[in-house]
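Line order of the protein sequences matches chains A and B.
Going by our numbering, the first sequence opens with residue 1, and the numbers climb by one from there.
Going by our numbering, the second sequence opens with residue 1, and the numbers climb by one from there.
Backbone N, C-alpha and C define an ideal beta-carbon position, used for all residues, glycine too.
Input: a single structure, listed below in structure tokens.
2 protein chains.
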Amino acid sequence: MSPYDPSAFPPFAVTVDLVVLTVRRHALCALAVRRGESPFQGRWALPGGFVRPDEDLSAAAARELVEETGLCAHDPDSPVQANGAHLEQLATYGDPKRDPRMRVVSVAHLALAPDLPAPRAGGDANSARWAPVDALLAQGGYGREDEQATPLAFDHAQILSDGVERARSKIEYSSLATAFCPPEFTVGELRRVYEAVWGVALDPRNFHRKVTGTPGFLVPTGGTTTRQGGRPAQLFRAGGATLLNPPMLRPDV
Amino acid sequence: MSPYDPSAFPPFAVTVDLVVLTVRRHALCALAVRRGESPFQGRWALPGGFVRPDEDLSAAAARELVEETGLCAHDPDSPVQANGAHLEQLATYGDPKRDPRMRVVSVAHLALAPDLPAPRAGGDANSARWAPVDALLAQGGYGREDEQATPLAFDHAQILSDGVERARSKIEYSSLATAFCPPEFTVGELRRVYEAVWGVALDPRNFHRKVTGTPGFLVPTGGTTTRQGGRPAQLFRAGGATLLNPPMLRPDV
DNA sequence: GTGTTTATCGTCAGGAAGACGACTATGATC
DNA sequence: GATCATAGTCGTCTTCCTGACGATAAACAC
């Protein structure tokens, strides 16, 4: 087989799909849009769209993220967090039958965002919402008789599942959990992020010792807050460290 | 922008490129093929080729792997090791200018193989060889006046670098290092794999304690060998465990 | 036999994490 | 204003894991 033969290559459509995760009311939620057209009309799907002819993959993902959420994405290599989300490539899905109409290869990206106001619907999707990932992935199961109980369109359940697993494992050994927090946050708020993403309860005392004892993870801003009730808590910003060594240990599993 | 509009999508070429790694003579090596045609004619590149119209991405990668090495690839989810290599998706590269002729999106895959006899050249590549990754990535640097000192074609240096980094980090927390070993191997041989991939020296006694003390990592076959010289060493096969918990710690960095 | 090489077992100190007690500083309630 | 509930913060103790390194074992080369 002759590689890169410009005269005879099978044409593909290339899209980006986004797994946008946030933590709302102690639950890990993903952004879902309702499809307005066939196939899978009326079903929920991940936001996404075609890559433009002269657009890089990461640029396409960032553009879709802005269109859907208004979030400004940061480069994967500069994990600063201003009013933006963390964005990284997740994986690529190219089963020949994943789209019944034509051959579509989708480069999925993962975005982590702090809790936001209502999502803004893109021009093409007639509605968008944050939904708990458990509900989105519970296929036909436990959900109320809600449109949420229907499976996601295309192979988006698989993509979402892979994105959630990436997020779950990545907060173990990186400081990425701070991407779910506002610019200033307390140790307790960060702990609730871990608890929501992992679905477990963590010991507040050991967690406090761990995160405050890891150099470069958190830097105190000097302020305090009582927005969570109880005794006032110190406010922190994310420090420069991106890798946690030793990592945060996820209980049992 | 209307997603999945079959009447108006920009056509892309989709390829798979392979980072095939092995350990030869205590060095981490990658499979490189010499390009027989323009662009980058005569330069070294990663093996790869077009995805066929009705072929899944992983199937295309497995096919290319067989064509280049004769290795039978295993499914990423069934990490058994018979006469086959570990194969997993690495990342996707889609810079609009990465191929000067047309828009090509390449889904790179990472393969880990035991030390093999000479690679077999595919029909399209006039030569193929194992080369130390250090030499392939040393752009214009230290190499002898060898064709190896020229940078790899396209963005393949970046792809190879990402693949090597993935391998380096993945053997920390998984049993994947056994994919570099023959079906039966000794603790010392496994240690030399880690040393070659990480480029460090490990304490033989602590390494032995770690790998033999991790349940499911190694299972003794009962046999022994002296092929490394010295006192006879027990032979092991890879156990069922795929995740190492706690992980193997990489010194310093 | 002596030396060299590799494998394997053991010991010890230091660090990190889980379990959990205790105290502190707010707001809510009586 | 006293009491209570809530959340945050500091310690202690035990256990496990790792790194450093001594010691022994079993082959081969001479």
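Under the three-state reduction of DSSP output, residue 91 of chain A falls in the strand class.
One thing to note: residue 190 of chain B has its Cβ no nearer than 8 Å to the Cβ of residue 160 of chain B. Looking at the DSSP output, residue 224 of chain A shares a beta bridge with A:234. With contacts defined by Cβ atoms closer than 8 Å, residue 180 of chain A and residue 114 of chain A form a contacting pair. In terms of CA proximity to residue 108 of chain A, A:57 leads the group A:57, A:129, A:69 and A:133. When 7 Å is used as the limit between beta carbons, residue 95 of chain B is near these residues of chain A: 56, in chain order.
In summary, residue 104 of chain B is buried, with 16 or more beta-carbon neighbours lying within 10 Å of its beta-carbon over all protein chains present. By the 16-neighbour rule on beta-carbons within 10 angstroms, residue 246 of chain B is exposed. Pairing residue 188 of chain A with residue 139 of chain A gives a Cβ-Cβ distance that is not under 8 Å. Of the candidates A:32, A:38, A:217 and A:226, the residue whose Cα lies closest to the Cα of residue 48 of chain A is A:32.
In the DSSP assignment, residue 18 of chain B forms a beta bridge with B:109.
When the Cα atoms are used, residue 131 of chain A and residue 111 of chain A turn out to be separated by approximately 15 Å. Scanning its chain for C-beta atoms nearer than 6 Å, with the 5 sequence neighbours on each side dropped, one finds around residue 170 of chain B the residues 176, in chain order.
For the options A:99, A:233 and A:252, the alpha carbon positioned closest to that of residue 212 of chain A is the one of A:233. If one requires a minimum length of 3 residues, the beta strand (DSSP E) runs lying completely within the segment 32-60 of chain B are 48-50, in chain order.
Around the beta carbon of residue 201 of chain B, fewer than 16 other beta carbons sit within 10 angstroms, so the residue counts as exposed.
Nearest CB-CB separation between residue 50 of chain A and chain B: below the 8 Å threshold.
Going by C-alpha positions, residue 21 of chain A is about 7 Å away from residue 28 of chain A. When secondary structure is reduced to three states using DSSP, residue 229 of chain A falls in the coil class, being assigned neither helix nor strand. Residues of the segment 19-50 of chain B with a Cβ closer than 7 Å to any Cβ of chain A, in chain order: 48, 49 and 50.
For residue 231 of chain A, no chain B residue has a C-beta closer than 9 Å to its own C-beta; the minimum C-beta separation is roughly 34 Å.
Using a CB distance cut-off of 8 Å, residue 103 of chain A counts as an interface residue toward chain B. At a beta-carbon threshold of 7 Å, the residues of chain B lying near residue 92 of chain A are 57, 89, 92 and 107, ordered along the chain. Of the residues A:17, A:194, A:217 and A:97, the one whose Cα lies closest to the Cα of residue 250 of chain A is A:194. Residue 68 of chain A is a Cβ neighbour of residue 128 of chain A, given a cutoff of 8 Å.
With a cutoff of 8 Å on beta-carbon distance, residue 30 of chain B and residue 19 of chain B are scored as near each other. Close partners of residue 53 of chain B in chain A (Cβ separation under 7 Å): 10 and 103. Burial state of residue 92 of chain A is buried, judged by a 10 Å Cβ sphere holding 16 or more other Cβ atoms. Under the DSSP assignment, residue 250 of chain B falls outside any alpha helix (DSSP H); it carries neither an H nor an E label. Separation of residue 162 of chain B and residue 231 of chain A (C-alpha to C-alpha, rounded to the nearest whole angstrom) is 46 Å. Close CB contacts of residue 89 of chain B within its chain, under the 6 Å cut and outside five residues either way in sequence, are with 109 (chain order). Comparing alpha carbon positions, the residue from B:208, B:207 and B:237 closest to residue 221 of chain B is B:237.
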